[in-house]
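Participant: One structure, pasted below without further comment.
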Amino acid sequence: MRYVGKRVLQAVLVLWGLITVIFFVLHLIPGDPVRAVLGGRASDATVQQVREQLGLDRPLPEQYLRFLTDIVQGNLGTSLALNDQVSHVLGQRLLPSILLIAYGMFFAVLIGVPLGIQAALRPNRAADHIIRLQTTFLFGMPTFWLALVLALLFGLVLGWFPVSGYQTGLGGILRSLTLPALTLGLSLVVIVTRTLRSNLIEVLKSEYIEAARSRGLSERRVIVKHALRNAAMPTLTILSTIIGYLIGSTVVLEQVFRIPGAGSLLVQSILRHDYQTVRAVALLSGLVVIAAGLSADLLQAILDPRVRLAR
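Every letter in the sequence shown is one number past the one before it in the numbering used here, and letter 223, counting from 1, is 421.
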């Protein structure tokens, strides 16, 4: 409980710092966001009225305290461009992005774990070199370019999946998100493969692995039950730290495949100068990154007691 409390406290402090940075950075943007949304034809009285409604006419420290209070109460403000609550707008766009990230992680693990195991069992051999070369090539390709290649091959040539749009129903959602999720997963395969490969090679040299083999356990059981569990923890940590990269990639992929998610909402809000929505999306993205790091630390403590007992 002491370990959990310490990590939760650290996460709360990081979240407070994130909220503070987001608030002051958006206030450094030149121009009047109210006039930018209302347009040049809006009268000064209308602009002033809207500024008073949003509290933008008050001193900056007072605006900051009000912003903190609204965050604690779950109030994300009102979108001027859409004339709706930001929480309602974001709630409609959040599910496709979450499913896309989860689906992409699934592809990364599904492809990367077997490749990492295969490379670790035959280090510095032909299969190992081929796996590392192919995964590095995929990682080096820009996300938008890899997305276009997959859309051309599996969408236009083979006709297996749609290349744009977001369908409803479980089958429609899977069909719509397969190509962008596969793009996201392939861009992460090199991280999963190389991290798991290097850690698994080190674990297989450990004494307890030799002891397990000496007891007559099969090689499959030694790898899956004993070696893979410890080798997977550093990979889990790295995956938790690249959540920010995944969120950034969804912005590109949602634009390429025309998916109505939080990433496309962020781009549209920036173009419309809808700073309330931009602030909410940035805050939510940071919260996801912090939660992912906290979850990875707690999961590591569950899998390895040495983590929570370390001084």
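Cβ atoms here follow ideal geometry from the backbone N, Cα and C, with glycine treated the same way. Keep in mind it's a predicted model, so treat the numbers as computed, not measured.
Whole beta strand (DSSP E) runs in the region 435-495 with 3 or more residues, listed along the chain?
Facilitator: Complete beta strand (DSSP E) runs here, min 3: none at all.
Participant: DSSP has Q246 in a bridge; who is on the other side?
Facilitator: Indexing the sequence shown from 1 puts residue 246 at position 48. Q246 pairs with nothing; no bridge assigned.
Participant: Determine the burial state of A325: buried for a count of at least 16 other Cβ atoms within 10 Å of its Cβ, exposed for fewer.
Facilitator: Locating residue 325 in the sequence shown gives position 127, where the first residue counts as 1. Exposed, by the Cβ-count rule.
Participant: Hey, out of R200, I269 and E452, whose CA is closest to Y364's CA?
Facilitator: Numbered from 1 along the sequence shown, position 166 holds the residue referred to as residue 364. Comparing Cα-Cα distances from Y364 to each of R200, I269 and E452, the minimum goes to E452.
Participant: What runs of the beta strand (DSSP E), each 3 residues or longer, lie entirely inside the region 207-231?
Facilitator: Runs of the beta strand (DSSP E) inside the region 207-231: none found.
Participant: Using 8 angstroms for Cβ pairs, my map puts I269 next to I227. What's the rounded Cβ distance?
Facilitator: The sequence position of residue 269 within the sequence shown is 71, counting from 1. The sequence position of residue 227 within the sequence shown is 29, counting from 1. Rounded, the Cβ-Cβ distance is 20 angstroms, inconsistent with contact.
Participant: Please go through the same chain and pick out, in chain order, the residues whose beta-carbon is closer than 6 angstroms to the beta-carbon of A511, but skip the five residues on each side of it.
Facilitator: Residue 511 lies beyond the stretch modelled for the chain, which goes from 199 to 509, so this question has no answer here.
Participant: Thinking C-beta only, is A349 closer than 8 angstroms to L375?
Facilitator: For this step, residue 375 is matched to residue 177 along the sequence shown. For this step, residue 349 is matched to residue 151 along the sequence shown. Result no, Cβ atoms of L375 and A349 do not sit closer than 8 angstroms.
Participant: Taking I299 as the reference, which of L444, V476, Y406 and K403 has the closest Cα?
Facilitator: On the sequence shown, residue 299 is found 101 positions in, with the first residue counted as 1. I299 has its Cα closest to that of L444, out of L444, V476, Y406 and K403.
Participant: Going by DSSP in three states, Q283 sits in which element: helix, strand or coil?
Facilitator: Within the sequence shown, the letter at position 85 stands for residue 283. It is a strand residue.
Participant: Please classify S416: does DSSP put it in a helix, a strand, or coil?
Facilitator: On the sequence shown, position 218 is the one that residue 416 refers to. DSSP places S416 in coil when its eight states are reduced to three.
Participant: Under a three-way DSSP split, which group does T381 fall into?
Facilitator: Start at 1 with the first residue of the sequence shown, and residue 381 comes out as number 183. Helix.
Participant: Is L394 closer than 8 angstroms to G310 when the C-beta atoms are compared?
Facilitator: Translated into positions along the sequence shown, residue 310 becomes position 112. Translated into positions along the sequence shown, residue 394 becomes position 196. In this structure, L394 lies closer than 8 angstroms to G310 by Cβ.
Participant: Rounding to the nearest angstrom, what Cα-Cα distance links V465 and R200 in this structure?
Facilitator: Locating residue 465 in the sequence shown gives position 267, counting from the first residue. Locating residue 200 in the sequence shown gives position 2, counting from the first residue. Spanning the two alpha carbons is a distance of roughly 41 angstroms.
Participant: Given a cut-off of 8 angstroms on the beta-carbon distance, is the pair S385 and S438 in contact?
Facilitator: For this step, residue 385 is matched to residue 187 along the sequence shown. For this step, residue 438 is matched to residue 240 along the sequence shown. Not closer than 8 angstroms, so no.
Participant: With a 10 Å radius around its C-beta and 16 neighbouring C-beta atoms as the bar for buried, classify G491 as buried or exposed.
Facilitator: For the purposes of this step, residue 491 is taken as residue 293 along the sequence shown, with counting starting at 1. Buried, by the Cβ-count rule.
Participant: CA-CA distance, A318 and I421?
Facilitator: For the purposes of this step, residue 318 is identified with residue 120 of the sequence shown, where counting begins at 1. For the purposes of this step, residue 421 is identified with residue 223 of the sequence shown, where counting begins at 1. Those two C-alpha atoms are separated by around 11 angstroms.
Participant: DSSP three-state label for T334, please.
Facilitator: Position 136 of the sequence shown, counted from the first residue, corresponds to residue 334. In the structure shown, T334 sits in a helix (DSSP, three-state: H, G or I).
Participant: What does the Cβ neighbour count give for V401, buried or exposed, with the cut at 16 atoms within 10 Å?
Facilitator: Locating residue 401 in the sequence shown gives position 203, counting from the first residue. So V401 ends up on the buried side.
Participant: Starting from Q365, trace the alpha helix (DSSP H) both ways and give me its first and last residue.
Facilitator: Taking the first residue of the sequence shown as 1, we reach residue 365 at position 167. Note, Q365: premise wrong, no alpha helix (DSSP H); not H, not E.
Participant: Given a cut-off of 8 angstroms, decide if L308 and I523 are closer than it, judged by their beta-carbon atoms.
Facilitator: Here the chain comprises residues numbered 199 to 509, so residue 523 is not present and cannot be evaluated.
Participant: What does S277 pair with, by DSSP beta-bridge criteria?
Facilitator: Your numbering for residue 277 matches position 79 in the sequence shown. D282, per the DSSP bridge assignment.
Participant: Just to confirm my understanding: we take G302, look at its own chain, exclude 5 residues before and 5 after, and list those with CB closer than 6 angstroms. What are they?
Facilitator: As a position in the sequence shown, residue 302 is number 104, starting the count at 1. So the list reads A379, L382 and G383, once near-sequence residues are dropped.
Participant: Apply the 10 Å Cβ neighbour rule to S404 and answer buried if 16 or more other Cβ atoms are within range, or exposed otherwise.
Facilitator: Here residue 404 refers to the residue found at position 206 of the sequence shown. That one is exposed.
Participant: Compute the distance between the beta-carbons of I407 and A430, then report whether it is under 8 angstroms.
Facilitator: What you label residue 407 is simply residue 209 of the sequence shown in a count that begins at 1. What you label residue 430 is simply residue 232 of the sequence shown in a count that begins at 1. Not in contact: I407 and A430 (Cβ atoms no closer than 8 angstroms).
Participant: Does the region 275-284 come within contact of the region 351-367, defined as at least 3 CB pairs closer than 8 angstroms?
Facilitator: Verdict: no, contact absent.
Participant: Is it true that the region 207-217 meets the region 469-485, where meeting means three or more beta-carbon pairs spaced less than 8 angstroms apart?
Facilitator: They touch, by the three-pair rule.
Participant: Taking the alpha helix (DSSP H) that L351 falls in, what are its first and last residues?
Facilitator: Here residue 351 corresponds to residue number 153 of the sequence shown, with the count starting at 1. It is not in any alpha helix (DSSP H) - L351 carries neither H nor E in the DSSP assignment.
Participant: Take R373 and list the residues in its own chain whose beta-carbon comes closer than 7 angstroms to its own, dropping the five residues that flank it on each side.
Facilitator: For the purposes of this step, residue 373 is taken as residue 175 along the sequence shown, with counting starting at 1. Result list for R373: F359, P360 and Q365, in chain order.
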